[in-house]
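To start, the structure under review is shown below, and the notes come after it.
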Amino acid sequence: MGTPMTVDVEDTVAAIATAPGNAARGIVRVSGREALACVARCCSPGTRAQLEHSEVSHRFPAIFQTAPPISEVPVDLFVWPTERSFSRQPTVEIHAIGSAPLLGAILRAVCDAGARLARPGEFTLRSFLAGRLDLAQAEAVLGVIDAANQAELRVALEQAAGGLSGVIEGLRQRLLELLAHLEAGMDFVDEDIQFIEQEHLQSELTSIRTQLTDLEIRFRDRGQGAGTPRVVLRGAPNVGKSSLFNALADGGKALVSDASGTTRDYLVQQIESEGVMFQLIDTAGVEEAVQDPLVVSVQTAMQTQWSSSHLELFCLDATREPSEWERSQLSATSLIPRMVVWTKADLTLPVGVRPDAVVTSSQTGLGLGSLKSAVAERLNQANSVRGEVVSCTAARCRGSLRGATQRISAALPWVAAAAGEELIAVEVRAALDEIGQIVGAVYTDDILDQIFSRFCIGK
Ligand SMILES: Nc1nc2c(ncn2[C@@H]2O[C@H](COP(=O)(O)OP(=O)(O)OP(=O)(O)O)[C@@H](O)[C@H]2O)c(=O)[nH]1
Ligand SMILES: [Mg+2]
Numbered sequence: 370m371g372t373p374m375t376v377d378v379e380d381t382v383a384a385i386a387t388a389p390g391n392a393a394r395g396i397v398r399v400s401g402r403e404a405l406a407c408v409a410r411c412c413s414p415g416t417r418a419q420l421e422h423s424e425v426s427h428r429f430p431a432i433f434q435t436a437p438p439i440s441e442v443p444v445d446l447f448v449w450p451t452e453r454s455f456s457r458q459p460t461v462e463i464h465a466i467g468s469a470p471l472l473g474a475i476l477r478a479v480c481d482a483g484a485r486l487a488r489p490g491e492f493t494l495r496s497f498l499a500g501r502l503d504l505a506q507a508e509a510v511l512g513v514i515d516a517a518n519q520a521e522l523r524v525a526l527e528q529a530a531g532g533l534s535g536v537i538e539g540l541r542q543r544l545l546e547l548l549a550h551l552e553a554g555m556d557f558v559d560e561d562i563q564f565i566e567q568e569h570l571q572s573e574l575t576s577i578r579t580q581l582t583d584l585e586i587r588f589r590d591r592g593q594g595a596g597t598p599r600v601v602l603r604g605a606p607n608v609g610k611s612s613l614f615n616a617l618a619d620g621g622k623a624l625v626s627d628a629s630g631t632t633r634d635y636l637v638q639q640i641e642s643e644g645v646m647f648q649l650i651d652t653a654g655v656e657e658a659v660q661d662p663l664v665v666s667v668q669t670a671m672q673t674q675w676s677s678s679h680l681e682l683f684c685l686d687a688t689r690e691p692s693e694w695e696r697s698q699l700s701a702t703s704l705i706p707r708m709v710v711w712t713k714a715d716l717t718l719p720v721g722v723r724p725d726a727v728v729t730s731s732q733t734g735l736g737l738g739s740l741k742s743a744v745a746e747r748l749n750q751a752n753s754v755r756g757e758v759v760s761c762t763a764a765r766c767r768g769s770l771r772g773a774t775q776r777i778s779a780a781l782p783w784v785a786a787a788a789g790e791e792l793i794a795v796e797v798r799a800a801l802d803e804i805g806q807i808v809g810a811v812y813t814d815d816i817l818d819q820i821f822s823r824f825c826i827g828k
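Here it is in structure tokens:
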């Protein structure tokens, strides 16, 4: 298997593993087939014998010989003679006083003895290729190195310990299990054996899709600076979105009228609630099966606003029963986190109030305070989970998560139509490939290159 950085991932590499600058302690790390022999060549015969006879990981003081004028350096050697090291290769760490010229001299000596300089991220790459880390964990190593504060460090350490990988792996296992059942069905296509109930397949795929969407939303703002969250008013025409917009945004200037389809372009207003700033966006009512080119472009603009928002306030008119479209929206999982809002509650109280819905009236101001507080609370919650992954992982994984979600969305109609297992299996397999890229169960040289080239040398 080729890798972007090196053809031979077993040859012996060396680098200074500690940050530049003087410190109490500095480390030169040597990893690869000949690691122990290379270091042994730089030590006294006694140390050499000790290295050659190392069978288990151990540590001992030694005198390291470099070129004059420094010549003899007292060091501590940390030795991993077997695959029980970080890179899963024989490894030696030479711990010395953290002086740059001293560490430089040690590194040169090791290279003269047969090692070559490691490339950025090469130790971590080896660890990944040896199966010790998955890609998300490898990136977490980068996150630990780059952490600017305690909170970032906590997130990176948790990811390095496999937090994210555990979640992704769980989803992967569930998809693999479905795939196994589907493939079994394909093998026995002539016999009347059902390996998986259609209902189970449907509910399992739907639940996996919900989890993927949640993850994607959590990742959305990482790696590109969060900015002010966007909260969009969405719903059928004439339900009172613009009236609510005006009532919530002091001085909101949205046009309001009895006529359906009043709002054409979207409007944005900055709002503050309980210390949380957000942008409230009024959009055109959702119209189905439109043909008029103007309405089509209005609907497209609305869709764009919606899909780039962080929270949707789905508005329902309390004076009438929810329409079929509204009911289907409420039962489907949404890509955007959603809150349900009843409007016009001064005219009549909604029937069948949902426990999670906020009841409002733009006319009397009923429920507006609660709605603002609820929005602030939801945005706060979203903020705290959004920080759970290292930002470079988030940036890389968004595409994979979205791809997997789309594949599962494509599979669901086949399931509903009781179509052949092959059609469903194709999508499930593709979803698995997408998810596999996050942890590196499936990877390409490009991905590896992108990730490991961001490391500094010595990691
Ligand atoms: N009584 C009462 N009427 C309301 C309330 N909210 C909106 N309305 C009326 O409902 C009608 C539609 O309101 P809009 O705010 O324009 O509705 P919209 O959802 O923005 O409509 P489109 O932009 O066409 O999608 C208007 O006649 C409003 O006066 C409310 O809380 N109470
Ligand atoms: Mg409107």
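According to our numbering, the stretch in the sequence shown is residues 370 to 828, in order.
C-beta: ideal position from N, C-alpha, C; glycine also.
What first and last residue would you give for the alpha helix (DSSP H) that runs through residue i?
i      : result
THR493 : 491-498
ALA478 : 469-481
ALA670 : 662-676
GLN698 : 693-700
Starting from residue i, trace the beta strand (DSSP E) both ways and give me its first and last residue.
i      : result
ARG707 : 707-712
ALA786 : Neither: ALA786 is in no beta strand (DSSP E) and is coded neither H nor E.
GLU681 : 680-686
VAL378 : That residue, VAL378, is in no beta strand (DSSP E); it is neither H nor E in DSSP.
Which whole-angstrom value describes the C-beta separation of residue i and residue j, a residue pair presumed to lie in contact below a C-beta threshold of 8 Å?
i      : j      : result
SER413 : PHE455 : Not really, about 27 Å apart at Cβ, beyond 8 Å.
ALA687 : LEU649 : Not confirmed; about 20 Å, so no contact.
ARG379 : ARG394 : Reading off the sequence shown, one finds Glu at residue 379, where the question assumed Arg. That pair is no contact at about 29 Å.
ILE396 : ILE466 : Actually they do not touch by this definition, with Cβ atoms about 11 Å apart.
TRP694 : ALA605 : 7 Å
MET555 : ALA794 : 7 Å
ALA529 : GLN506 : 5 Å
VAL744 : ALA726 : Actually they do not touch by this definition, with Cβ atoms about 13 Å apart.
LEU405 : PRO450 : 6 Å
GLU643 : SER742 : 6 Å
GLN434 : ALA478 : 7 Å
Just the C-alpha distance for residue i and residue j, rounded to the nearest angstrom, thanks.
i      : j      : result
LEU817 : PRO489 : 12 Å
ARG485 : GLU585 : 41 Å
PHE447 : GLU538 : 34 Å
VAL797 : GLY500 : 25 Å
LEU682 : ARG398 : 55 Å
ASP773 : ALA779 : According to the sequence as given, residue 773 is Ala; it is not Asp. Taking the straight line from one Cα to the other gives about 10 Å.
ALA431 : GLN458 : 22 Å
ASP583 : ILE577 : 10 Å
VAL461 : ILE475 : 13 Å
GLN419 : GLY809 : 38 Å
ALA392 : LEU801 : 46 Å
ILE385 : THR597 : 41 Å
ILE705 : VAL408 : 56 Å
GLN580 : THR673 : 23 Å
GLY630 : LEU570 : 40 Å
ALA623 : ALA658 : 25 Å
PRO719 : TRP711 : 7 Å
SER400 : ALA436 : 22 Å
GLN639 : LEU602 : 14 Å
SER769 : THR416 : 50 Å
LYS610 : GLU746 : 21 Å
LEU748 : VAL637 : 17 Å
ILE777 : ALA785 : 12 Å
SER731 : ALA388 : 59 Å
CYS411 : ALA482 : 7 Å
ALA616 : LEU737 : 8 Å
GLN806 : ASP814 : 12 Å
THR632 : THR669 : 14 Å
VAL665 : VAL600 : 23 Å
VAL667 : ARG541 : 39 Å
Is residue i near ligand 3 - that is, is its Cβ less than 6 Å away from at least one heavy atom of it?
i      : result
ASN607 : This structure simply doesn't include ligand 3; it includes ligand 1 and ligand 2 instead.
Output the residue ranges of the beta strand (DSSP E) runs that lie fully inside the stretch 600-658 and measure 3 residues or longer, sorted by chain position. With a minimum length of 3 residues, the unbroken runs of beta strand (DSSP E) contained wholly in the stretch 600-658 fall at 636-642 and 645-651.
Taking only runs that begin and end inside the stretch 397-465, name each unbroken alpha helix (DSSP H) of 4 or more residues, in chain order. 404-409 and 414-421
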